[in-house]
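Presented below is the structure to which this report refers.
Protein chains in written order, with this note's numbering: chain A, 1 to 253; chain B, 1001 to 1311.
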């Protein structure tokens, strides 16, 4: 294992994050605060409690998931797309590193950034609403697994994308709608019966439901199923990454 | 001397069927400087890319320092440094960071003293905190060289290192190459500039259309280059070369109107005076005299053209 290489890639990526620290942290904090002001205070005050939880508190897990998923995807996709775009990837390909080490470096850094953002949003939420975390370890596990799997997913997008438009396409066209329709801001029991069934095909539902369970002990779907879903997604992404490097897809001729 | 790079029947066929390399066999000795000459698209960069791990070989094998470049890529690649043809650097990154990154991905622990030495040698030390995008084109190229050197490679590939750089940097580059050679680093460079190959290489290889046409000691090539020829145009055609002139090994042209004499211009006596006296003795009337010298460039163009004629 080339530990120096993993460290070099990881630190290099983290430095990029800290170089743009204000942008990296400020924007999620501001947008989260806006969500709380709009949904929590303004609209939320007119919404009944959802399953016995105030609406302001109810949306906290969904908001964290929303930011973590989008941040992990965009960070990881950009992290590997950029060297490809400007050509510096030649150095990684010519270095004595295995693909596993490259993935650990890039995905590890992207997941770390997403995790930090998730924690900061949770801290911000504390200012606005009372929240209790019933299962803190489960909460952390869900959070970390989500950071990891969506960073892997972003890494795949970054390898696949041939231009900046494609880099934005998947997050915009697939991830964001799935997250919004995945129960970030509502419980799926609030949907008409037909939509309740349809929404079960949205994988994000399981992630948000499980994460919310770790806060309030209530879930739309059984928590075991949520855990299986997130682990399945992680495994799927890992398999794809493994295939990409085995075949040299889009990076090596 | 030990063989540090051994290439056996290395081939590359790109998707779509383009055969970039048609089976290269080449052995490079430790500590030598090999210049690879060839026109654009000859396969020079493909060869280097395969040895460095950027492109996967379609066939054949290669070993660097005795390590197979595919099966034992870690050991092989940690011996290799690469200065690519195109300037690929992250514009917003600082010089020092990008160099430390390079050392890291090559699995080497931090060594500030070494990096300082390399940066000073390349006149980059004052610019170490500058962002890449603030640097001139020549400076960026220096950064690429620093990145390749910072992990102490035993084999250094320079892909068109002096394409589009000013005279000063080219001089610096040659100096650096000499210094590396003194340290025992093996250097393989591709170039368009024949004089560059002449100035620094120990051996010269010529690649065209994916084939290695020739690999020869530069001195042997220089000897060929040192050959001059004297063409003697005659007023009247002769059927054969007169017997008395046999010792000069003259070539008679097809039209029987000119004789060619090959001689070594670097030698003490060229034999021209004696030859001309002998010609006069034979009663041959001279119409004109031409001398010409073959250069590495001519040898190169000749080889490449021969190849094209044969195709």
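Cβ coordinates follow ideal geometry from the N, Cα and C atoms, glycine included.
Every value quoted in this text rests on a predicted model; they were computed, and no experiment measured them.
- Looking at the DSSP output, residue 1217 (chain B) sits in a beta bridge with B:1203.
- Contacts with chain A (Cβ-Cβ distance below 8 angstroms) from the segment 1139–1171 of chain B involve 1147, listed in chain order.
- Chain A has no Cβ within less than 9 angstroms of the Cβ of residue 1036 (chain B).
- If you check the CB distance, residue 86 (chain A) and residue 1135 (chain B) do not come in under 9 angstroms.
- Close to residue 1097 (chain B), with beta-carbon spacing below 8 angstroms, are these residues of chain A in chain order: 12 and 15.
- The C-alpha of residue 72 (chain A) lies about 9 angstroms from the C-alpha of residue 109 (chain A).
- Contact of residue 88 (chain A) with chain B by beta-carbon distance below 7 angstroms involves 1088, 1089 and 1090.
- Where residue 1258 (chain B) is concerned, the enclosing beta strand (DSSP E) starts and stops at 1258–1264.
- In the three-state reduction of the DSSP assignment, residue 202 (chain A) falls in the coil class.
- If you draw a straight line from the Cα of residue 197 (chain A) to the Cα of residue 128 (chain A), it is about 33 angstroms long.
- Each of B:1096, B:1273, B:1218 and B:1004 was checked against the Cα of residue 1122 (chain B), and the nearest Cα belongs to B:1096.
- Apart from sequence neighbours up to five positions away, the residues of its chain that approach residue 120 (chain A) with a beta-carbon distance below 8 angstroms are 25, 28 and 29, ordered along the chain.
- Distance between residue 1146 (chain B) and residue 157 (chain A), taken at the CA atoms: about 32 angstroms.
- In terms of CA proximity to residue 1128 (chain B), B:1100 leads the group B:1100, B:1106 and B:1060.
- Spatial neighbours of residue 1046 (chain B) in its own chain (CB-CB distance under 6 angstroms, excluding positions within 5 residues in sequence) are listed in chain order as 1012, 1020 and 1021.
- Residue 1168 (chain B) is not bridged by DSSP to any residue.
- Put simply, the segment 1186–1198 of chain B touches the segment 1027–1041 of chain B. At least three CB pairs are less than 8 angstroms apart.
- The Cβ atoms of residue 206 (chain A) and residue 235 (chain A) lie no closer than 9 angstroms to each other.
- Looking from the CA of residue 130 (chain A), the closest CA among A:225, A:34 and A:53 belongs to A:53.
- Annotation for residue 1208 (chain B): 1038, 1042, 1304 and 1307 place their beta carbon closer than 6 angstroms to its own, counting only its chain and skipping 5 residues before and after.
- Distance check between residue 33 (chain A) and each of A:59, A:18, A:10 and A:104 places A:59 closest, using alpha-carbon atoms only.
- With contacts defined by Cβ atoms closer than 9 angstroms, residue 77 (chain A) and residue 114 (chain A) do not form a contacting pair.
- The beta carbons of residue 147 (chain A) and residue 68 (chain A) sit closer together than 9 angstroms.
- The three-state secondary structure of residue 1061 (chain B), taken from DSSP, is strand.
- For residue 1286 (chain B), the number of other beta carbons within 10 angstroms of its own is below 16, and it is reported as exposed.
- With respect to the 9 angstroms criterion, residue 4 (chain A) and residue 1106 (chain B) are classified as neighbours on the basis of their beta carbons.
- Around the beta carbon of residue 1210 (chain B), a 10 Å sphere encloses 16 or more other beta carbons of the protein chains shown; the residue is thus reported as buried.
- In this structure, the alpha-carbon of residue 1083 (chain B) lies about 19 angstroms from that of residue 1204 (chain B).
- With contacts defined as CB atoms closer than 9 angstroms, residue 1170 (chain B) and residue 1080 (chain B) fail to qualify as a contacting pair.
- For residue 60 (chain A), the uninterrupted alpha helix (DSSP H) run begins and ends at 55–86, by DSSP.
- A distance of 9 angstroms or more separates the beta carbons of residue 210 (chain A) and residue 194 (chain A).
- In summary, the residues of the segment 95–115 of chain A whose CB is separated from some CB of chain B by less than 7 angstroms are 95, 96 and 97, in the order they occur in the chain.
- Assignment of residue 1023 (chain B) by DSSP, reduced to helix, strand and coil, places it in the strand class.
- Our two residues, residue 63 (chain A) and residue 1130 (chain B), have alpha carbons roughly 39 angstroms apart in a direct line.
- Interface criterion met: the Cβ of residue 1082 (chain B) is under 9 angstroms from a Cβ in chain A.
- By alpha-carbon distance to residue 23 (chain A), the top candidate from A:117, A:183, A:136 and A:159 is A:117.
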